[in-house]
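Novice:
Chains as they are written, first to last, in the working numbering: chain X, 22 to 235; chain D, 22 to 235.
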């Protein structure tokens, strides 16, 4: 398809598509002559992902380029490719390791991972920005005097593991590895608000069931 | 206790406490003479909540005041009191009802709630900003071409209902109704990052189990 058709199908203006092409966020089309290029389904899919990252996820262009470089790197194993793409998303800054709340939070997270038998999460803990985010979030709770510990978190972690199993089952319905990584990244940005809203709605429903509406 | 002790216990400076008192975010202490007031455990707890809202949740002062007014209103039934406090937190703007993605998203959310038998969530759907957030989040997915429908969301909603049951079980371990509402509000602001991090960590763990690390 030509540029105009790509714009129509994706709902992205031709000016914005040209900008994405210049920035290397979208691979060039197949040049058919000096002024015309052909685009395909892969371009439509990639545009969708770029919009998810930049317009919805508000990921800076430089970070989006890094994410996409990992999505495209088929020399990597699946876990690393997925991880690298997700890890390139904007992350929490490193916590202050002198802060007693951070020290306790890190110890509780480590105890949690042992309780759950999440061996990889423990092995990757030095590298993974997700592990860091958990420490930061637990430290924020503890700093305000809420004593969240491994025992309190464990049942939530087990439920979130069931959610993660569904996530990966869903990814496996996609045919190609590139589509899987793309979907994983889009889900990280777009699906989290859905999950958060479902959680809050479930709280309202359960509260009404237990205590009535008025 | 005196102001200095309240400051030490809560880790909030006396200047900030005085600001919160002036703004009505913290109820006045019991005046013992013209220049001295006594504070109690309730003030320590309330300061913790105010910090959670303003410093961690970045809730504007005016919105925080509204949240706290509902927390303090013991004329309300529990579901409404909890709901009113949570609904006063900053919420998504109303979606554009002319947008076809919003129309479809709303229909899918309605179908989901029927499938699940979440009757209260359906009854409150016109009022609830949580319901609106779900429509907005699903519309964002659909606008980018990801066809999330009721069938895909239902298993996630069921898991989130199990999470909500734990949330309420945990609230019920608190003695007083005021503490329960306070904890619910703090959890909405502080616990969501923990849940999100647990979800992502579970994804890494499950991905490594299925596909190996390299």
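Glycine residues also receive a C-beta, built at the ideal position from the N, C-alpha and C atoms.
I want to verify the contact list: residues of chain X whose CB lies under 8 Å from the CB of residue 201 of chain D, in sequence order.
Specialist: Residues of chain X passing the Cβ test: none, with the nearest at roughly 10 Å.
Novice: Can you tell me which of X:164, X:134, X:63 puts its alpha carbon nearest to the alpha carbon of residue 117 of chain X?
Specialist: X:164
Novice: Using CA atoms only, rank isn't needed, just tell me which of D:228, D:143, D:190, D:65 is closest to residue 142 of chain X.
Specialist: In terms of CA proximity to residue 142 of chain X, D:228 leads the group D:228, D:143, D:190, D:65.
Novice: Pick helix, strand or coil for residue 53 of chain D, following the three-state DSSP scheme.
Specialist: strand
Novice: By DSSP's criteria, residue 59 of chain X is part of a beta bridge. Which residues make up the other side?
Specialist: X:51
Novice: Any idea if residue 160 of chain D is buried or exposed, counting beta-carbon neighbours within 10 angstroms, 16 or more meaning buried?
Specialist: buried
Novice: List the residues of chain X whose Cβ lies closer than 8 Å to the Cβ of residue 183 of chain D, in chain order.
Specialist: For residue 183 of chain D, the residues of chain X that pass the 8 Å Cβ criterion are 180, in the order they occur in the chain.
Novice: According to DSSP, is residue 169 of chain X part of a helix, a strand, or is it coil?
Specialist: coil
Novice: In the DSSP assignment, find the unbroken alpha helix (DSSP H) run with residue 224 of chain X in it and report its ends.
Specialist: 198 to 232
Novice: From residue 44 of chain X to residue 149 of chain X, what does the alpha carbon distance come to, in whole angstroms?
Specialist: 28 Å
Novice: How would you list, in chain order, the residues of chain X whose beta-carbon sits under 8 Å from the beta-carbon of residue 154 of chain D?
Specialist: 214, 217, 218, 221
Novice: Name the chain A residues that come within less than 7 Å of residue 176 of chain X, Cβ to Cβ?
Specialist: Reference to chain A is not applicable here, since the protein chains of this structure are X and D.
Novice: Under three-state DSSP, which class holds residue 183 of chain D?
Specialist: helix
Novice: Could you tell me the alpha carbon to alpha carbon distance between residue 195 of chain X and residue 181 of chain D, rounded to whole angstroms?
Specialist: 25 Å
Novice: List, from N- to C-terminal side, the alpha helix (DSSP H) runs of 4 residues or more that fit wholly inside the segment 122 to 175 of chain X.
Specialist: 140 to 144, 150 to 164
Novice: Closer than 8 Å, Cβ to any Cβ of chain D: which residues of the segment 33 to 47 of chain X, in chain order?
Specialist: Listed in sequence order: no entries.
Novice: Please compile the residues from chain X whose C-beta is within a distance smaller than 7 Å of the C-beta of residue 160 of chain D.
Specialist: Per Cβ cutoff of 7 Å: no residues; residue 160 of chain D is ~10 Å from chain X at best.
Novice: Taking all protein chains shown into account, do 16 or more other C-beta atoms lie within 10 angstroms of the C-beta of residue 223 of chain X, making it buried, or fewer, making it exposed?
Specialist: buried
Novice: Between residue 24 of chain D and the rest of its own chain, which residues show a CB-CB distance below 6 Å, the 5 nearest in sequence each way excluded?
Specialist: Taken in chain order, the residues that qualify are 35.
Novice: Does residue 229 of chain D come within less than 8 Å of chain X when only Cβ atoms are used?
Specialist: True, the Cβ-Cβ gap to chain X drops below 8 Å.
Novice: Would you be able to state if there are at least three C-beta pairs under 8 Å between the segment 183 to 194 of chain D and the segment 88 to 102 of chain X?
Specialist: no
Novice: Can residue 70 of chain X and residue 225 of chain X be called in contact, C-beta distance under 8 Å?
Specialist: no
Novice: Since residue 85 of chain X and residue 46 of chain X should fall inside the 8 Å C-beta cutoff, what is the C-beta to C-beta distance between them, to a whole number of angstroms?
Specialist: Right, the Cβ-Cβ distance comes to about 6 Å (below 8 Å), so this counts as a contact.
Novice: So which of D:57, D:72, D:52, D:83 has the shortest CA-CA distance to residue 167 of chain X?
Specialist: D:72
Novice: Any Cβ of chain D within less than 8 Å of the Cβ of residue 145 of chain X?
Specialist: yes
Novice: Output the distance between the C-alpha atoms of residue 94 of chain X and residue 111 of chain D, rounded to the nearest integer angstrom.
Specialist: 40 Å
Novice: Using the Cα positions of residue 124 of chain X and residue 215 of chain D, report the straight-line distance between them to the nearest angstrom.
Specialist: Here the C-alpha atom of residue 124 of chain X lies approximately 16 Å from the C-alpha atom of residue 215 of chain D.
Novice: So, does the CB of residue 224 of chain D fall closer than 8 Å to a CB anywhere in chain X?
Specialist: yes
Novice: Taking Cβ-Cβ distances shorter than 8 Å, what residues in chain X pair up with residue 135 of chain D?
Specialist: Chain X residues near residue 135 of chain D: none, gap ~13 Å exceeds 8 Å.
Novice: Could you give the DSSP three-state label for residue 45 of chain X: helix, strand or coil?
Specialist: Residue 45 of chain X: coil per DSSP, three-state reduction.
Novice: Could you compute how far the alpha carbon of residue 209 of chain X sits from the alpha carbon of residue 157 of chain X?
Specialist: 19 Å
Novice: Keeping to the same chain, check which residues put their C-beta closer than 6 Å to that of residue 50 of chain X; ignore five residues upstream and five downstream.
Specialist: 58, 59, 60.
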